[in-house]
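Asker: A single structure is presented below for examination.
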Amino acid sequence: MHAAQAREPRLTSEAQHAVSLRDVSVVFTAERGKVRALDGINFDVEEGSFLTMIGPSGSGKSTILRVVADLIKPSTGTVQIFGRTAEDARRRRELGFVFQDATLLPWRSVLDNVRLPLEIGRRSRGEPLWSSPEELLALVGLEGRHNSLPHELSGGMRQRVAIARALVCRPRLLLMDEPFGALDEITRDKMNEELLRIWRETKTTIMFVTHSIPEAVYLGQQVLVLSSNPGRVREQLTINLPNPRELRSRDEPEFVRFTSQLRSILETC
Amino acid sequence: MAQTMQGEERPLPVVAPLGLDRWRRAWSSKLPPILTAVTIIIVWQLAIDLLSVPIYIAPAPSLVIKEFVTQFPLLISNLLPTLFEAICGFVLGNLTAVMVAVALVHSRLAERCFYPLAVFLHSIPMLALAPILVLIFGTGQAPKIVIAALLCFFPMLVNMVRGLNAVSPQALELMRVLSASRSEIFWKLRIQSSLPFLFSALRVTAPACVIGAIVGEWIGSAVGLGALILEATYNFRSPLLYATIFLSSGMAITLFSLVAAAEKRVIRWKAGAID
Numbered sequence: 051m052h053a054a055q056a057r058e059p060r061l062t063s064e065a066q067h068a069v070s071l072r073d074v075s076v077v078f079t080a081e082r083g084k085v086r087a088l089d090g091i092n093f094d095v096e097e098g099s100f101l102t103m104i105g106p107s108g109s110g111k112s113t114i115l116r117v118v119a120d121l122i123k124p125s126t127g128t129v130q131i132f133g134r135t136a137e138d139a140r141r142r143r144e145l146g147f148v149f150q151d152a153t154l155l156p157w158r159s160v161l162d163n164v165r166l167p168l169e170i171g172r173r174s175r176g177e178p179l180w181s182s183p184e185e186l187l188a189l190v191g192l193e194g195r196h197n198s199l200p201h202e203l204s205g206g207m208r209q210r211v212a213i214a215r216a217l218v219c220r221p222r223l224l225l226m227d228e229p230f231g232a233l234d235e236i237t238r239d240k241m242n243e244e245l246l247r248i249w250r251e252t253k254t255t256i257m258f259v260t261h262s263i264p265e266a267v268y269l270g271q272q273v274l275v276l277s278s279n280p281g282r283v284r285e286q287l288t289i290n291l292p293n294p295r296e297l298r299s300r301d302e303p304e305f306v307r308f309t310s311q312l313r314s315i316l317e318t319c
Numbered sequence: 477m478a479q480t481m482q483g484e485e486r487p488l489p490v491v492a493p494l495g496l497d498r499w500r501r502a503w504s505s506k507l508p509p510i511l512t513a514v515t516i517i518i519v520w521q522l523a524i525d526l527l528s529v530p531i532y533i534a535p536a537p538s539l540v541i542k543e544f545v546t547q548f549p550l551l552i553s554n555l556l557p558t559l560f561e562a563i564c565g566f567v568l569g570n571l572t573a574v575m576v577a578v579a580l581v582h583s584r585l586a587e588r589c590f591y592p593l594a595v596f597l598h599s600i601p602m603l604a605l606a607p608i609l610v611l612i613f614g615t616g617q618a619p620k621i622v623i624a625a626l627l628c629f630f631p632m633l634v635n636m637v638r639g640l641n642a643v644s645p646q647a648l649e650l651m652r653v654l655s656a657s658r659s660e661i662f663w664k665l666r667i668q669s670s671l672p673f674l675f676s677a678l679r680v681t682a683p684a685c686v687i688g689a690i691v692g693e694w695i696g697s698a699v700g701l702g703a704l705i706l707e708a709t710y711n712f713r714s715p716l717l718y719a720t721i722f723l724s725s726g727m728a729i730t731l732f733s734l735v736a737a738a739e740k741r742v743i744r745w746k747a748g749a750i751d
């Protein structure tokens with residue numbers, strides 16, 4: 051009960067924002083002096099929306115996700131997630147993270163990998179809100195593989211397990227760092243379609259880093275374009291294509307208009 | 477949805493070979509070394525017969541086998557104390573090394589204090605250390621166990637420190653996103669990913685503990701395979717000496733195989749990077 055109340059949106063000015071970054075800079079100390087990875091980043095993500103991030107390498111896309119996930123502390127600026135600090139959000143298990151590699155524990159079965167987050171931390175709070183691992187495996191289309199070990203699965207299946215694991219604590223915010231980057235294009239298209247369905251069914255806010263222009267347009271309600279050296283926000287595009295989107299809609303002129311617009315912005319980054 | 481998913485990604489087939497097939501495959505891998513060994517024994521026998529080598533220099537294999545059968549009770553009564561010392565040393569040395577490795581991984585200070593010391597300890601030749609241990613622990617089984625344990629200690633320590641640190645950075649990030657505590661990271665991640673390293677150290681130390689026990693017996697003992705080796709040498713009973721040596725190596729191989737079998741049961745996943 052307590053947890054359920056805590057998850058109600060707060061009635062502050064930031065209530066509609068799942069994530070907001072204000073003047074966030076990140077400076078890494080490398081061997082040859084300091085490297086400015088992010089410089090004065092400002093943007094908001096509305097609750098329930100799907101934001102994709104795209105930019106040349108070195109534009110700090112992954113760094114932004116890691117700042118939001120409280121894996122990296124910003125050097126300056128503030129990060130708010132549902133009106134609280136990133137550390138609070140992490141401790142309250144409001145975040146799910148999907149990495150480029152599935153990062154499954156190879157000694158655990160598929161089901162036990164999805165259960166991992168449930169075995170960590172205090173169990174008393176929020177437990178009724180957690181999804182059942184079995185249901186989630188059905189959601190990602192892996193019903194029959196509960197007892198398989200990760201090395202018995204294909205790359206796409208492993209990534210599905212990782213998505214199920216990220217969803218098991220019912221995160222309000224799902225952070226995805228090029229999760230389909232290592233997959234072949236046919237599998238990647240299928241996974242994109244699946245992810246949109248999962249997003250509609252779970253109503254989770256998603257931040258998704260990608261290198262692919264069609265993927266960024268197809269998935270995103272908003273596309274955040276970043277430029278490199280140092281990482282800055284170049285533009286925030288709104289993709290007002292009809293929902294739910296289908297793979298076929300990628301060939302329609304509206305879709306192509308967005309991809310070519312995005313491509314011309316990226317050329318100047 | 478699930479149906480449309482099936483065709484696109486094919487899972488890797490897990491093929492269990494049929495019983496007969498598996499036997500055939502096992503034999504085809506074991507046959508070459510067996511044939512080589514048999515050939516060596518035949519050449520050995522022929523060489524000794526043709527060159528009429530005296531028994532005390534090198535016995536023919538037929539004599540060694542005969543000695544093995546007739547002296548079986550003597551061999552077994554000397555095998556048991558050595559086996560006991562070797563196994564005690566194996567358990568003691570490896571267990572201590574694992575605990576020290578855990579401490580070293582958790583504390584920089586402990587690592588700076590003890591790791592160089594462990595390297596120094598390892599650099600002392602075991603044969604030089606053995607008399608000191610006999611002076612400290614007396615002539616019973618204790619010094620032999622300690623020597624066997626010392627031989628196990630270093631390989632396990634080095635491997636376990638590496639194993640506990642061999643966690644992928646991304647797996648650590650995952651645990652951090654989940655707000656896992658240090659002990660949760662240790663039990664759920666570090667221990668598990670160190671298991672392949674643990675077993676490779678066990679494979680090295682299983683024969684090493686037998687060497688330790690035998691070396692310990694050379695310094696001062698009336699029983700055990702080490703004592704029997706010395707006695708047979710001094711009395712020019714070379715068939716007995718050879719039989720004892722083969723028994724010692726048989727013991728080492730058996731311990732090694734037990735470790736390998738345990739490893740196969742425990743580690744069903746593919747060793748390597750987390751993905």
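Chains A and B supply the protein sequences, listed in that same order. So the first sequence is numbered by my numbering: it starts at 51 and just counts up by one. So the second sequence is numbered by my numbering: it starts at 477 and just counts up by one. The beta-carbon is built from N, C-alpha and C at its ideal position, and this holds for glycine as well.
Are the beta-carbon atoms of Leu-276/A and Gly-110/A separated by less than 8 Å?
Answerer: Yes, the Cβ-Cβ distance between Leu-276/A and Gly-110/A is below 8 Å.
Asker: Count the CB pairs spanning the segment 679 to 694 of chain B and the segment 552 to 565 of chain B that are closer than 8 Å, and state whether there are at least three.
Answerer: yes
Asker: What does the alpha-carbon distance come out to for the pair Pro-167/A and Met-636/B?
Answerer: 26 Å
Asker: Once the 5 residues before and after Val-190/A are set aside, which same chain residues still bring their CB inside 6 Å of it?
Answerer: Arg-210, Ile-213 and Ala-214
Asker: From the DSSP secondary-structure annotation, give me the bridge partner or partners of Gly-146/A.
Answerer: Leu-224/A
Asker: If you count every other CB in all the chains shown that lies within 10 Å of the CB of Ser-697/B, and 16 or more means buried, which is it?
Answerer: buried
Asker: Anything in chain B within Cβ reach of Trp-157/A, meaning under 7 Å, just list it in chain order.
Answerer: Under the 7 Å cutoff, chain B gives Gln-668 and Trp-745.
Asker: Does any C-beta atom of chain A lie closer than 8 Å to the C-beta of Leu-654/B?
Answerer: yes
Asker: Per DSSP, which one or two residues make a beta bridge with Ser-277/A?
Answerer: Arg-282/A
Asker: Taking 8 Å as the cut-off, decide whether the C-beta atoms of Val-118/A and Ala-136/A are in contact.
Answerer: Yes. Within cutoff.
Asker: Start and end of the beta strand (DSSP E) containing Lys-84/A?
Answerer: 83 to 96
Asker: Excluding the 5 residues flanking Ala-523/B on each side, which residues of the same chain have their C-beta closer than 8 Å to its C-beta?
Answerer: Val-529
Asker: List, in order along the chain, the chain A residues whose C-beta lies closer than 8 Å to that of Leu-650/B?
Answerer: Phe-147, Phe-149 and Thr-153
Asker: Given a cut-off of 8 Å on the beta-carbon distance, is the pair Cys-787/B and Gly-565/B in contact?
Answerer: In the structure as shown, chain B starts at 477 and stops at 751, and residue 787/B therefore has no counterpart that could be examined.
Asker: Taking the alpha-carbon of Val-273/A as reference, which of Arg-86/A, Ile-104/A and Ile-131/A has the nearest alpha-carbon?
Answerer: Ile-104/A
Asker: Hey, is Glu-707/B's beta-carbon within less than 8 Å of any beta-carbon in chain A?
Answerer: no
Asker: How is the beta strand (DSSP E) around Phe-78/A delimited, first residue to last?
Answerer: 67 to 80
Asker: Is DSSP giving Ser-174/A helix, strand or coil here?
Answerer: Caution is warranted here: a pLDDT of 49 is assigned to Ser-174/A, below 50, making its placement in the model unreliable, and no coordinate value can be reported.
Asker: What are the residues that DSSP puts in a beta bridge with Met-651/B?
Answerer: DSSP lists no partner for Met-651/B.
Asker: Using a Cβ-Cβ distance under 8 Å, would Glu-660/B count as near chain A?
Answerer: Judged by the 8 Å Cβ criterion, Glu-660/B is in contact with chain A.
Asker: When you compare only the Cα positions, how much space is there between Arg-250/A and Leu-101/A?
Answerer: 14 Å
Asker: Name the residues in the segment 107 to 120 of chain A whose C-beta lies less than 7 Å from a C-beta of chain B; which are they?
Answerer: Ala-119
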